[in-house]
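Enquirer:
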Amino acid sequence: MATEKEVTIYDIAKELDLSPATVSRALNGNELVKEKTRKKIADVAEKLGYRVNSFAKDIRTGKTKTLGVIVHELNSKFVTSVISGIEKVASLSGYDIIIGHSMESKFKERQNVANLFNKRVDGLLASLAFDTDNWNHYQPLINKNVPIVFYDRVFLDGPFTKITLDNFKAGYEATEHLIVQGCRRIMHVTADTSKNVYRDRLEGYKAALKKYGLPIEDDLIRVTRLNEESGVEEGTNILSMKNRPDGVFVANDFCAVVIMNQLIESGVRIPEDVAFVGFNNEAICNIIRPKLSSIIYSGQQMGEIAAKRLIDKLNGLIESEEEQHVVMQPTLVIRGSSMKKRH
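Going by my numbering, the sequence shown opens with residue 921, and the numbers climb by one from there.
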């Protein structure tokens, strides 16, 4: 079957008896071409099936009008809301987005970065994978002056703009709430504390214990991968303890729910015996019974701020190498899983 010939500006010009130069200017939005003529050209272009030659245009301008976005996971309401915020701002500014999914793997993240670099994205937004420990793989973009904005999980060093949550405050408020509810032996289930998000939540947890005169016990600080397997392991660990915690602050909701389910199936009452607070306010918080208290912050807003900062860099409103750090504020949503004093 013969391949249909690609429609060109010359075909449109011939159809309308106009010069190719006029057609080209109209299709590029040049206001020197009358609006009536631009509309006529656009209608014929659509009828004939004309497609803009983006590749040729990219070569001429040196810009692709695309932004790369690297996410560490996709099965999260928070992450999808971040993408929504990025896409909203990007679209309003005339940019498309290309998403890379690291699947919590630094190897996959490196592949994502290389792929987006080869696609010549104009800028990059990224949240780090679970085990990413350096930014060497971002160096090719830095060398080409491609601006990078990190969000949520970030490098604290390096010449980057960062959009983060006040994770210290979040950890402090979650722990303080459990203390106010009467908990005196509080476990914190976290992940690799070389990551800013987990380190700061841990420091907030410790600060709350210290303020209220409670001991910081190493056996109550559990570093895990915060996945289903970790939840089962931590649930088993709690059940085996002679002196069980009466409160648990978990650094994500999914792992918290897995632990809760295991305890409930073993006859532990929540929150009477053990109170729980999670993190991210995922939909699962309202499915589990009792409903899970959790820290909430706006992924949509984080995505919008990150994209706006990146596009401002691309437009020269912010120096590309200028480092900025935007810190968003958390809110604790209190539900049945932590309300010991109500019982």
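Cβ atoms here follow ideal geometry from the backbone N, Cα and C, with glycine treated the same way.
(1) My guess is that Ser1213 and Val1253 are in contact by the Cβ rule of under 8 Å, so how many angstroms apart are they, rounded?
(2) Pick from Val1002, Thr986 and Phe1169: whose alpha carbon is nearest that of Ala1094?
(3) Taking 7 Å as the cut-off, decide whether the C-beta atoms of Ser944 and Ile929 are in contact.
(4) With DSSP as the reference, identify every bridge partner of Val991, one or two as the case may be.
(5) May I ask you to report which of helix, strand or coil DSSP gives Leu938?
(6) When we look at the beta-carbon of Val1194 and count the other beta-carbons within 10 Å, is it buried (16 or more) or exposed?
(7) My understanding is that Leu1044 touches Val1066, with C-beta atoms under 8 Å, so please give their C-beta distance in whole angstroms.
(8) Rounded to a whole number of angstroms, what is the C-alpha to C-alpha distance between Pro1250 and Gln1221?
(9) To which residues of the same chain is Phe998 closer than 6 Å at the C-beta, ignoring the five residues directly before and after it?
(10) Taking Ala965 as part of the alpha helix (DSSP H), name the residues at either end of that continuous run.
(11) Roughly how many whole angstroms lie between the Cα atoms of Met921 and Val927?
(12) Tell me whether Ala1195 sits in a helix, a strand or coil according to DSSP, three-state version.
(13) State the DSSP-derived secondary structure class of Phe998, mapped to helix, strand or coil.
(14) Report buried or exposed for Tyr1132, applying the criterion of at least 16 other Cβ atoms within 10 angstroms of its Cβ.
(15) Using a threshold of 7 Å, state whether the C-beta atoms of Ala1034 and Ile990 are closer than that.
(16) Comparing alpha-carbon positions, which option in Ala941, Val1069 and Ser1004 lies nearest Ile1238?
(17) Identify whether Thr1156 lies in helix, strand or coil by the three-state DSSP scheme.
(18) Starting from Ile1231, follow the alpha helix (DSSP H) in both directions and report where the run begins and ends.
(19) In whole angstroms, give me the CA-to-CA distance for Asp1072 and Ala1049.
(20) To the nearest angstrom, report how far apart Lys1089 and Lys1126 are at their CA atoms.
(21) Decide if the region 966-973 is in contact with the region 1012-1028; the criterion is three or more beta carbon pairs, one per stretch, under 8 Å apart.
(22) From the DSSP output, which residues share a beta bridge with Thr986?
(23) Check whether the Cβ atoms of Leu936 and Val964 lie closer than 7 Å to each other.
(24) Looking at the structure shown, is Val1177 part of a helix, part of a strand, or coil, going by DSSP?
(25) My output table needs one value for Gly1187: the three-state DSSP class, helix, strand or coil.
Expert: Here's the rundown:
(1) 6 Å
(2) Phe1169
(3) yes
(4) His1021
(5) coil
(6) buried
(7) 6 Å
(8) 12 Å
(9) Asn1200 and Gly1219
(10) Glu955 to Leu968
(11) Low local confidence applies: a pLDDT of 45 at Met921 is under 50, so the model's placement there is unreliable, with the coordinate-based value given in what follows. When rounded, the distance between both Cα atoms is 18 Å.
(12) strand
(13) helix
(14) exposed
(15) no
(16) Val1069
(17) helix
(18) Gly1219 to Leu1234
(19) 11 Å
(20) 11 Å
(21) no
(22) Asp1016
(23) yes
(24) helix
(25) coil
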